[in-house]
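Notes follow once the structure below has been shown.
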Amino acid sequence: GAVVSQHPSRVICKSGTSVKIECRSLDFQATTMFWYRQFPKQSLMLMATSNEGSKATYEQGVEKDKFLINHASLTLSTLTVTSAHPEDSSFYICSASVGLAQETQYFGPGTRLLVL
Amino acid sequence: AQKVTQAQTEISVVEKEDVTLDCVYETRDTTYYLFWYKQPPSGELVFLIRRNSFDEQNEISGRYSWNFQKSTSSFNFTITASQVVDSAVYFCALPGRRALTFGSGTRLQVQP
């Protein structure tokens, strides 16, 4: 149980286009979903926290107009990278939890984004 | 604020050697959880352990063991008789205000 999927697993796009990444909890309802970004050889950095039906909470330095998060249901959150640029190329990982972050978070397999 | 320090950036060992990955953390919480994750080259995070701060007993799971020392705010991870498949980046993590705060990770290379 407690499986989180992400789609797509890998995407290559041209600079200026928008890319949508989906994060789904397959066998449980997630109270909260988190979006992390990981640049090569670096750690995971939290981008935003989203709760179903409410606006996402963004971390300092993360542009909310560039990284649009929609948490439409208890099993689906989407991250849209708008007008992507090469510096947005990264590994994006979502996670889902039931309850507080103190509980175990279930991580998706990640999405590799390459912006040309 | 929560902080996790993994001072070892990269470790290289030869197969069958034992290796210990260090993790030191800072928190103002009196009760908390600590985590270890493995990230193989594929990128997917693999959950290894969650430890409650109330439980200071060392834990062993096969070749893996964890040493939690609350007095020194450390939660070290030891792999016994390392194997090539253990090659990965290992992250120690601590719940923050909203989500997990990760250490910078330790890249472990196990040579055959």
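Chains as they are written, first to last, in our numbering: chain Z, 10 to 125; chain B, 495 to 606. Ideal Cβ positions, reconstructed from N, Cα and C, are used throughout, including at glycine. No experiment lies behind these values; they were computed from the predicted model shown.
{"Asked": "Beta carbon of valine 604(B) nearer than 9 Å to that of serine 576(B)", "Found": "yes"}
{"Asked": "Close-in-space but distant-in-sequence residues of the same chain around threonine 26(Z) (CB under 7 Å, 5 per side omitted)", "Found": "Ala93"}
{"Asked": "Buried versus exposed call for valine 508(B) [16 or more other C-beta atoms within 10 Å across all chains shown]", "Found": "exposed"}
{"Asked": "Residue environment, aspartate 97(Z), which counts as buried when at least 16 other CB atoms sit within 10 Å", "Found": "buried"}
{"Asked": "Nearest-angstrom beta carbon gap, leucine 528(B) and leucine 588(B) [assumed within contact, 8 Å]", "Found": "6 Å"}
{"Asked": "Beta-bridge partners of serine 106(Z), as assigned by DSSP", "Found": "Thr41(Z)"}
{"Asked": "Alpha-carbon spacing of cysteine 586(B) relative to serine 18(Z), whole angstroms", "Found": "24 Å"}
{"Asked": "Cβ contact check for the segment 53-64 of chain Z and the segment 74-89 of chain Z: 3 or more pairs under 8 Å", "Found": "yes"}
{"Asked": "Distance, phenylalanine 43(Z) Cα to tyrosine 115(Z) Cα", "Found": "10 Å"}
{"Asked": "Collapsed DSSP secondary structure at serine 82(Z) in the structure displayed", "Found": "strand"}
{"Asked": "Contact under 9 Å by Cβ, threonine 120(Z) with isoleucine 21(Z)", "Found": "no"}
{"Asked": "7 Å CB neighbourhood of glutamine 15(Z) in its chain, flanking five on each side removed", "Found": "Ile30, Glu31, Cys32, Cys103, Gly117, Pro118, Gly119, Thr120"}
{"Asked": "With 16 other Cβ atoms within 10 Å as the buried cut-off, status of glutamine 47(Z)", "Found": "buried"}
{"Asked": "Collapsed DSSP secondary structure at valine 12(Z) in the structure displayed", "Found": "coil"}
{"Asked": "CB contact check: serine 466(B) to chain Z, cutoff 9 Å", "Found": "Because chain B spans 495 through 606 in this model, residue 466(B) falls outside it and cannot be assessed."}
{"Asked": "CB contact below 9 Å: glutamine 69(Z) versus chain B", "Found": "no"}
{"Asked": "Euclidean distance between Cα positions of threonine 89(Z) and aspartate 74(Z)", "Found": "10 Å"}
{"Asked": "Ordered list of alpha helix (DSSP H) runs contained in the segment 20-74 of chain Z, each at least 4 residues", "Found": "none"}
{"Asked": "CA-to-CA distance, threonine 66(Z) to alanine 105(Z), given in whole angstroms", "Found": "15 Å"}
{"Asked": "Lysine 564(B) - DSSP class collapsed to helix/strand/coil", "Found": "helix"}
{"Asked": "Three-way DSSP call (helix, strand, coil) for proline 535(B) in this model", "Found": "coil"}
{"Asked": "Contacts of leucine 122(Z) in chain B (Cβ-Cβ under 8 Å)", "Found": "Neighbours of leucine 122(Z) on chain B: none; closest Cβ ~12 Å, over 8 Å."}
{"Asked": "Glycine 556(B) at chain Z interface by Cβ criterion, 9 Å", "Found": "no"}
{"Asked": "DSSP-derived helix/strand/coil call for glutamine 589(B)", "Found": "First, the residue type needs correcting, since residue 589(B) is proline and not glutamine in the sequence shown. Strand at proline 589(B)."}
{"Asked": "Neighbouring residues, chain Z, relative to arginine 522(B) (Cβ below 7 Å)", "Found": "Chain Z residues near arginine 522(B): none, gap ~14 Å exceeds 7 Å."}
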